[in-house]
Amino acid sequence: MTSFMKSHDGLEIHYVYKPVKSSKPVILFLHGLGANYSGWKNTIASAKKRGYSTLAIDLRGHGLSSTPEQYEYYALEHFAKDIKNILTQLEIKKFILVGHSFGGSVAIVYCTKYIDASLQKMILIESTHKYPYKKYHELNVNPFFCFLLRRLVQWNILNNKSFPKIPELDLTNLYKENVFFQIYDEIYHTSFKVIFQCLDAAKKFSNQEDKKIVSSLQNIKFPTLLISGAEDNIVDKRYSYELKKLIPHAKLRVFEKANHQFLLEENSILNKELFSFLAEKN
111 MTSFMKSHDG LEIHYVYKPV KSSKPVILFL HGLGANYSGW KNTIASAKKR
161 GYSTLAIDLR GHGLSSTPEQ YEYYALEHFA KDIKNILTQL EIKKFILVGH
211 SFGGSVAIVY CTKYIDASLQ KMILIESTHK YPYKKYHELN VNPFFCFLLR
261 RLVQWNILNN KSFPKIPELD LTNLYKENVF FQIYDEIYHT SFKVIFQCLD
311 AAKKFSNQED KKIVSSLQNI KFPTLLISGA EDNIVDKRYS YELKKLIPHA
361 KLRVFEKANH QFLLEENSIL NKELFSFLAE KN
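With my numbering as the guide, the letters of the sequence shown map in order to residues 111 to 392.
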């Protein structure tokens, strides 16, 4: 079931909910920056075979969700509230949170705001609890390129209307491409303005709520799995090690030859790790 929810601030948030008759918790998937829900398609299919209902969201500014121009719409608290509202609307009582990259950061923000007994487990893939980039080194790409893009966004030469919103960009087809073109294809269909607004919002939340984030992570009671790629040059693996120190009893799996596109390039390996963890009793 593909649907839209009206957010608390008037946006249309797109999500795909696939319920099955099962007592198992719903798996809620959150994609990374510049991506959309379709990156989880193979994992969603595997979840269905194992008797899990699934819910995948296009984060605001991404996919088929609304793409507002104003920065204030991208405060990380709004992303977390979108999740809460969809869970409430669908009357989901038990769920598992799975986030990749920026989606993992949104999952962490959710934990600082709404953590309760309904959240059963969490899986953070190539994610971080703190802002990882220096100015003009966003996503660890060429600083001149970042500087130029920020100026083009600032001067409104590149705005949200500059980027086509196609019916559905299926990211599962991108794994065959060179990693550079994978990232390009994802981001081409997400406004650079949205990219920078999300990054700036993440930096602001990280700086202002650092103590609250750490405290929330230290008080997590449910099982948590951390997955990282040793060759990830977008979110360094050291952040997963830091998360492991903060989250009680968290498990960490580092894959030696994996980069930031592990979700797409090694989906079968990821699925095996993910569902093995979910099968473990609390």
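Built from N, CA and C at the ideal position, the CB exists for glycine as well. Note that this is a predicted model, so its numbers are computed, not measured.
Top-ranked residue by Cα proximity to residue i, from the options
i       : options                               : result
Val-216 : Glu-236, Leu-380 and Val-126          : Glu-236
Gly-120 : Asp-320, Ile-137, Tyr-183 and Ile-330 : Tyr-183
Ser-211 : Asp-226, Lys-203 and Ile-233          : Ile-233
Lys-322 : Thr-222, Ser-176 and Pro-129          : Thr-222
Ala-155 : Arg-170, Asn-146, Ile-137 and Asp-168 : Ile-137
Tyr-349 : Glu-179, Gly-161, Gly-142 and Gly-214 : Gly-214
Leu-143 : Asp-168, Glu-122 and Lys-134          : Asp-168
Leu-391 : Glu-352, Thr-334 and Leu-165          : It is worth fixing the name first, because residue 391 is Lys in this sequence and not Leu. Here the closest residue by C-alpha is Thr-334.
Glu-376 : Trp-150, Ala-145 and Ser-117          : Trp-150
Ile-330 : Leu-207, Asn-317 and Val-304          : Leu-207
Ile-305 : Phe-315, Glu-201 and Glu-179          : Glu-179
Phe-332 : Lys-361, Ser-378, Val-345 and Leu-373 : Lys-361
Own chain, CB closer than 6 angstroms to residue i, minus 5 neighbours either side, in chain order
i       : result
Ser-272 : Below a pLDDT of 50, predicted positions are generally treated as unreliable, and Ser-272, at 46, falls in that range; no measurement from the model is reported.
Ile-337 : Ile-235 and Arg-363
Asp-342 : Glu-236, Asn-369 and His-370
Tyr-220 : Ala-190 and Ile-193
Asn-381 : Thr-153 and Ser-156
Glu-366 : Ala-340
Met-111 : Tyr-127
Tyr-351 : none
Beta-carbon gap between residue i and residue j smaller than 7 angstroms
i       : j       : result
Gln-230 : Met-115 : no
Val-130 : Ser-163 : yes
Ala-311 : Ala-185 : yes
Gly-171 : Tyr-147 : no
His-134 : Gly-161 : Inspection of the sequence shows that residue 134 is occupied by Lys rather than by His. Taking 7 angstroms as the Cβ cut-off, Lys-134 and Gly-161 qualify as a contacting pair.
Tyr-241 : Lys-313 : yes
Leu-165 : Gly-209 : no
Ile-123 : Ser-117 : yes
Per DSSP, the bridge partner or partners of residue i
i       : result
Arg-170 : Looking at the DSSP assignment, Arg-170 forms no beta bridge with any residue, so it has no partner.
Phe-137 : According to the sequence as given, residue 137 is Ile; it is not Phe. In DSSP, Ile-137 forms a bridge with Thr-164 and Ile-206.
Met-115 : Ile-123
Ser-386 : Paired residues: none, contrary to the question.
Sequence-distant residues of its chain with Cβ nearer than 8 angstroms to residue i (five each side left out)
i       : result
Leu-356 : His-239, Val-324, Leu-327 and Gln-328
Tyr-181 : Gln-307, Asp-310 and Ala-311
Nonlocal neighbours in the same chain, by C-beta distance under 7 angstroms from residue i, ignoring five residues either side
i       : result
Leu-197 : Phe-205
Ser-113 : Tyr-125 and Tyr-127
Phe-87  : The displayed coordinates of the chain run from 111 to 392. Any statement about residue 87 would go beyond what the structure contains.
Leu-388 : Ile-206 and Lys-231
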